[in-house]
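Notes to accompany the following structure.
Number of protein chains: 6
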Amino acid sequence: MNQVPDEGMVLVPGGSLLTKTPEEGRALALTLARHTIHNIQPDLDVLKGGRPNCSTTPGSLTAAAHVVAIEFQTIAAANNYWRS
Amino acid sequence: MNQVPDEGMVLVPGGSLLTKTPEEGRALALTLARHTIHNIQPDLDVLKGGRPNCSTTPGSLTAAAHVVAIEFQTIAAANNYWRS
Amino acid sequence: MNQVPDEGMVLVPGGSLLTKTPEEGRALALTLARHTIHNIQPDLDVLKGGRPNCSTTPGSLTAAAHVVAIEFQTIAAANNYWRS
Amino acid sequence: MNQVPDEGMVLVPGGSLLTKTPEEGRALALTLARHTIHNIQPDLDVLKGGRPNCSTTPGSLTAAAHVVAIEFQTIAAANNYWRS
Amino acid sequence: MNQVPDEGMVLVPGGSLLTKTPEEGRALALTLARHTIHNIQPDLDVLKGGRPNCSTTPGSLTAAAHVVAIEFQTIAAANNYWRS
Amino acid sequence: MNQVPDEGMVLVPGGSLLTKTPEEGRALALTLARHTIHNIQPDLDVLKGGRPNCSTTPGSLTAAAHVVAIEFQTIAAANNYWRS
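Just so you know, the protein sequences line up as chains A, B, C, D, E and F, in that order.
Residue numbering for the first sequence is 1 to 84, as defined by my numbering.
Residue numbering for the second sequence is 85 to 168, as defined by my numbering.
Residue numbering for the third sequence is 169 to 252, as defined by my numbering.
Residue numbering for the fourth sequence is 253 to 336, as defined by my numbering.
Residue numbering for the fifth sequence is 337 to 420, as defined by my numbering.
Residue numbering for the sixth sequence is 421 to 504, as defined by my numbering.
Next comes the structure, spelled out in structure tokens:
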């Protein structure tokens with residue numbers, strides 16, 4: 001099996017939900033979602049095989065954006081919405 | 085590749101979840117959702133190719149509205165629901 | 169293009185999440201969801217073309233009710249659940 | 253059109269999210285979900301035409317249970333989870 | 337009609353969201369989800385007819401797990417996450 | 421029936437939502453989701469039969485990641501987002 005590299009398997013890269021800015025928090029939300037996928041399916045060839053479909057059909061893109069929105073909700077709360 | 089312009093790739097345009105009004109907060113929710121899509125699929129031609137389907141079938145419109153509702157939930161909490 | 173009238177494009181009609189009663193809050197939830205759809209797809213003919221399907225198939229109705237439930241969650245929190 | 257009776261069109265029957273018990277709160281969650289559907293599709297014949305499908309296929313039942321779970325989340329928070 | 341037994345129709349068995357342990361809270365989440373289904377579709381024969389499909393296809397299992405996750409979110413909040 | 425081993429049937433392994441790190445919290449989120457599936461469908465042969473499909477199609481992976489995101493939201497709140 002051609003496996004996802006080790007750093008792609010870390011569930012929470014950086015080990016914290018706290019970020020300096022909303023932009024970084026949003027990037028972390030994207031990363032969390034991707035690394036979950038890596039952990040459920042660590043075979044790179046299977047992942048890449050599915051990718052064209054996943055990132056081209058509108059339904060798949062919206063479903064992925066939905067997951068990012070939920071991860072961001074958690075991260076934003078963790079950071080008190082970067083209010084101050 | 086014909087890429088999404090740079091400003092469309094910023095995850096949190098303006099760099100803050102705080103807005104003056106609910107109307108602006110709602111507009112930000114729409115923007116966050118769109119820019120997530122741009123980051124997952126930055127090829128404009130693929131995005132535009134899928135768009136007719138995405139914004140015409142009722143299921144796709146409802147799925148998109150669902151994502152906006154969740155983004156707005158986060159933004160509304162960040163702004164203490166614009167209560168005062 | 170036969171566009172949605174201007175008032176249907178306002179994202180948060182009334183400009184506030186605060187309502188006097190749960191009933192009004194619920195009506196606002198329905199409105200928020202509809203106006204998001206208008207903003208994503210402002211062509212009335214496309215919207216009306218899809219509507220028969222959207223409001224007749226059980227899956228579409230449940231999906232729409234799901235979005236309303238989330239919008240209402242935000243509005244109810246904004247109003248402290250109309251407790252007092 | 254054979255319309256849903258007036259009482260089925262009230263969005264929040266009783267006009268409050270507060271209930272005496274979790275059981276009543278759960279019943280209210282089911283009612284909120286149903287009345288949303290009535291408001292989106294007030295034609296009883298269309299609703300009844302779709303019902304066999306909606307309440308027999310597992311996917312539809314799970315989707316409906318999902319909406320009820322979210323409505324209940326709001327109602328439970330409104331009632332401070334009936335803790336005391 | 338061969339109906340779900342009376343105890344399966346109670347929406348919140350035990351009448352409370354409070355449990356001694358996370359394990360019991362999780363079991364309650366599963367029960368809440370199942371009893372909602374019973375209330376929407378109280379015909380045991382229809383329910384059992386759909387069950388093979390519901391609990392064997394991956395999509396249905398994931399959709400059911402999604403509902404349980406939301407019910408548990410409510411129950412965990414009600415119990416202050418069993419922190420002390 | 422070739423059943424899921426007993427430890428796979430425990431709904432909340434370790435009996436607590438509290439973890440030392442976000443990484444462990446994320447791993448718990450994955451476990452909670454998997455063990456729910458085990459409880460709904462405890463037949464290992466059925467589970468393994470569905471697994472190739474579940475972890476290879478992009479839609480299934482995204483749906484699974486969605487559930488993990490919600491479980492993590494609960495666990496992160498329980499741990500006060502590991503802020504201090």
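Built from N, CA and C at the ideal position, the CB exists for glycine as well.
Residue nearest to residue i in terms of C-alpha spacing, selected from the options
i, options, result
"Ser168 of chain B", "B:Thr105, B:Asn86, B:Gly98 and B:Ala111", "B:Thr105"
"Ile40 of chain A", "F:Val487, F:Ser436, F:Asp465 and F:Gln461", "F:Val487"
"Pro173 of chain C", "C:Glu192, C:His203 and C:Gly183", "C:His203"
"Gln493 of chain F", "F:Leu448, F:Leu431 and F:Ala483", "F:Leu448"
"Ala484 of chain F", "A:Ile37, A:Leu32 and A:Thr19", "A:Ile37"
"Thr56 of chain A", "B:Leu102, B:Leu114, B:Asp129 and B:Ser139", "B:Asp129"
"Leu397 of chain E", "F:Val432, F:Ala496, F:Leu437 and F:Pro462", "F:Pro462"
"Thr31 of chain A", "A:Pro58, A:Lys48, A:Met1 and A:Glu71", "A:Glu71"
"Met421 of chain F", "F:Ile495, F:Pro433 and F:Leu467", "F:Leu467"
"Gly98 of chain B", "A:Gly59, A:Tyr81 and A:Glu23", "A:Glu23"
"Ala153 of chain B", "B:Thr103, B:Leu102, B:Val94 and B:Ala117", "B:Ala117"
"Trp502 of chain F", "A:Gly49, A:Pro58, A:Ser16 and A:Gly59", "A:Ser16"
"Ile327 of chain D", "D:Leu263, D:Leu270, D:Pro310 and D:Gly311", "D:Leu270"
Range covered by the alpha helix (DSSP H) that runs through residue i
i, result
"Glu407 of chain E", "Pro394 to Ala414"
"Thr31 of chain A", "Pro22 to Ile40"
Residue i, buried or exposed, once every other Cβ within 10 Å from all chains shown has been counted against 16
i, result
"Gln339 of chain E", "exposed"
"Glu91 of chain B", "exposed"
"Asn499 of chain F", "buried"
"Gly445 of chain F", "buried"
Per DSSP, cross-strand counterpart(s) of residue i
i, result
"Asp213 of chain C", "Bridge partners of Asp213 of chain C: none, in fact."
Distance cut-off 6 Å: residue i Cβ against heavy atoms of the ligand PLP
i, result
"Val424 of chain F", "As far as ligands go, the structure on display features none, and thus does not contain the ligand PLP."
| When Cβ atoms are compared, which residues of the region 257 to 276 of chain D fall closer than 8 Å to chain E? | Thr273, Pro274 and Glu275
| query | Which residues, in chain order, does the region 149 to 160 of chain B contribute to contact with chain A at a C-beta distance below 8 Å? | reply | His150, Val151, Ile154, Glu155, Gln157 and Thr158
| message | Any C-beta of chain C within less than 7 Å: which residues of the region 280 to 291 of chain D qualify? | response | Ala285, Thr288, Ile289 and Asn291
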